[in-house]
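Asks: Take a look at the following structure, please.
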Amino acid sequence: MIYLDYQATTPLAPEIFEAMTPWLRDYFANPHSAHRPGRAAAAAVEVARGRVAALMPSGGRVIFTSGATEALNLAIRGSGKDGTVSVSAIEHSAVLDTAKDAGKCHVLNVAKDGQCNTKQDLPQDTRLVCLMQVNNEIGVIQPTVEWHRKAKENNALYLCDAVQAYGKIEVTGADMIAISAHKFHGPKG
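First residue of the sequence shown? That's 181 in my numbering, and the numbers climb one at a time after it.
Right, dumping it as structure tokens:
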């Protein structure tokens with residue numbers, strides 16, 4: 181089979197399959213359970229969390245979710261209730277819909293090529309700026325370092341949707357980063 185839709189998902193890497201198999205077959209306990217198998221699963225989750233944190237540009241806290249949509253929802257809704265969420269006009273619906281549902285949403289303009297120019301003003305009450313680093317449909321790469329700086333100048337957080345970027349280009353300049361393992365040969369969900 182010839183598979184040409186890596187933008188949507190990637191096959192599981194053989195070494196990932198091999199590493200996961202014992203946990204799927206033999207050590208499948210709930211990591212929140214108090215019994216010995218549960219504690220072993222919890223320890224394995226913490227080891228994985230540390231390894232993922234070491235791969236992030238600034239280390240930091242890692243929260244595992246079922247995928248990018250849940251991660252983006254958690255970050256947007258968790259950024260607070262007051263103020264505005266600023267997003268580009270070409271964000272994934274997981275961002276646009278959640279930002280609109282979470283309160284005040286400011287849509288940033290993009291040029292014909294999809295670039296979101298940092299010269300445009302943010303609302304004074306902006307609490308969060310969210311842009312995807314690489315657009316999943318047209319491939320435009322946003323200036324994330326500049327947007328992070330602009331968010332900081334406005335006392336806002338910057339959420340980088342790095343789902344399409346991670347593992348392909350450097351992910352820099354963000355307070356929060358959303359990635360999804362199935363985009364770079366990891367497991368789905």
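Even for Gly, the Cβ is constructed at its ideal location relative to N, Cα and C.
Hey, which unbroken runs of the beta strand (DSSP E) at 3 residues or more fall wholly within the region 294-339?
Replies: The region 294-339 contains these whole beta strand (DSSP E) runs: 306-312.
Asks: Classify D262 as helix, strand or coil using the three-state DSSP reduction.
Replies: Residue 262 sits at position 82 when you count from the first residue of the sequence shown. Note: D262 maps to coil in three-state DSSP.
Asks: Taking only the alpha-carbon atoms, compute the straight-line gap between F208 and A358 and give it to the nearest angstrom.
Replies: By 1-based counting over the sequence shown, the position of residue 208 is 28. By 1-based counting over the sequence shown, the position of residue 358 is 178. Straight-line Cα distance between these residues: approximately 26 Å.
Asks: Can you tell me where the alpha helix (DSSP H) with I196 in it begins and where it stops?
Replies: Along the sequence shown, read from residue 1 onward, the residue named residue 196 stands at position 16. Its alpha helix (DSSP H) spans residues P194 to R205.
Asks: Name the one or two DSSP bridge partners that M356 has.
Replies: As a first step, residue 356 must be located in the sequence shown, where it is residue number 176. In the DSSP output, where bridge partners are listed per residue, M356 has L339.
Asks: From P303 to N289, what does the alpha carbon distance come to, in whole angstroms?
Replies: Position 123 of the sequence shown, counted from the first residue, corresponds to residue 303. Position 109 of the sequence shown, counted from the first residue, corresponds to residue 289. Distance between the alpha carbons of P303 and N289 is about 13 Å.
Asks: So, I256 versus L308, is the Cβ gap smaller than 9 Å?
Replies: Locating residue 256 in the sequence shown gives position 76, where the first residue counts as 1. Locating residue 308 in the sequence shown gives position 128, where the first residue counts as 1. Contact flag set, yes.
Asks: Between G319 and P194, what straight-line distance do the alpha-carbon atoms span, to the nearest angstrom?
Replies: The residue you call residue 319 lines up with position 139 of the sequence shown. The residue you call residue 194 lines up with position 14 of the sequence shown. Spanning the two alpha carbons is a distance of roughly 28 Å.
Asks: Taking only runs of the alpha helix (DSSP H) that begin and end inside the region 225-279, which ones reach a length of at least 4 residues, in chain order?
Replies: List check, alpha helix (DSSP H) in window: 248-258.
Asks: Quick check on K363: does DSSP put it in helix, strand or coil?
Replies: As a working mapping, residue 363 is identified with position 183 in the sequence shown. Residue state, collapsed to three classes: helix.
Asks: Throw me the rounded Cβ distance for the K363 and Y346 pair, which I believe falls under 8 Å.
Replies: Within the sequence shown, residue 363 is the residue found at index 183, counting from 1. Within the sequence shown, residue 346 is the residue found at index 166, counting from 1. Confirmed, about 7 Å.
Asks: Taking 7 Å as the limit between beta carbons, can you name the residues of its chain near C296, skipping five residues before and five after?
Replies: For the purposes of this step, residue 296 is identified with residue 116 of the sequence shown, where counting begins at 1. Around C296: S268, L288, V290, L311 and Q322.
Asks: If contacts are defined as beta-carbon pairs under 8 Å, then A274 and L252 qualify, I think. What distance do you get, rounded to the angstrom?
Replies: Start at 1 with the first residue of the sequence shown, and residue 274 comes out as number 94. Start at 1 with the first residue of the sequence shown, and residue 252 comes out as number 72. With a Cβ gap of about 5 Å, A274 and L252 count as contacting.
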